[in-house]
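Before any comments, here is the structure.
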Amino acid sequence: MHPRDEKLLELLMILQKKGDVCVTVISGVECCKYTGVIDQIFDDCYLVLDSGKGVKIYVPIDCIYKIIYYIDDHQLCIFERN
Numbered sequence: 127m128h129p130r131d132e133k134l135l136e137l138l139m140i141l142q143k144k145g146d147v148c149v150t151v152i153s154g155v156e157c158c159k160y161t162g163v164i165d166q167i168f169d170d171c172y173l174v175l176d177s178g179k180g181v182k183i184y185v186p187i188d189c190i191y192k193i194i195y196y197i198d199d200h201q202l203c204i205f206e207r208n
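Residue numbers 127 to 208, in the working numbering, belong to the letters of the sequence shown in order.
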């Protein structure tokens, strides 16, 4: 695992079940944004977002480009890969 992926994985574990996050995923030439609560991380490879509407979104961690989240419900933070 690349060191930047280890940092991302650590952040995801901290944010798990803490509130909504917005995840930008880039795969090939396509870019998608998903919002939800991090429900689960498995095999250190996949992130499971719960949209709150009974829909779970499975996201490959290595395709995550950006995460927007809040600290203490009021401070906006952005994690972006270089």
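Where is the CB? At the ideal position from N, CA and C, for every residue including glycine.
With DSSP collapsed to three states, give me the class of Asp176. It is a strand residue.
Under 8 Å between the Cβ atoms of Leu135 and Asp188? Their beta carbons are not under 8 Å apart, which means Leu135 does not touch Asp188 by this criterion.
I'd like to confirm the pairing. Which residues does DSSP put opposite Cys157 in its beta bridges? Cys157 pairs with Ile152.
Beta carbon of Val149, beta carbon of Leu175: below 8 Å? Going by C-beta atoms, Val149 is nearer than 8 Å to Leu175.
Less than 8 Å separating the beta-carbons of Gly162 and Asp199? In this structure, Asp199 does not lie closer than 8 Å to Gly162 by Cβ.
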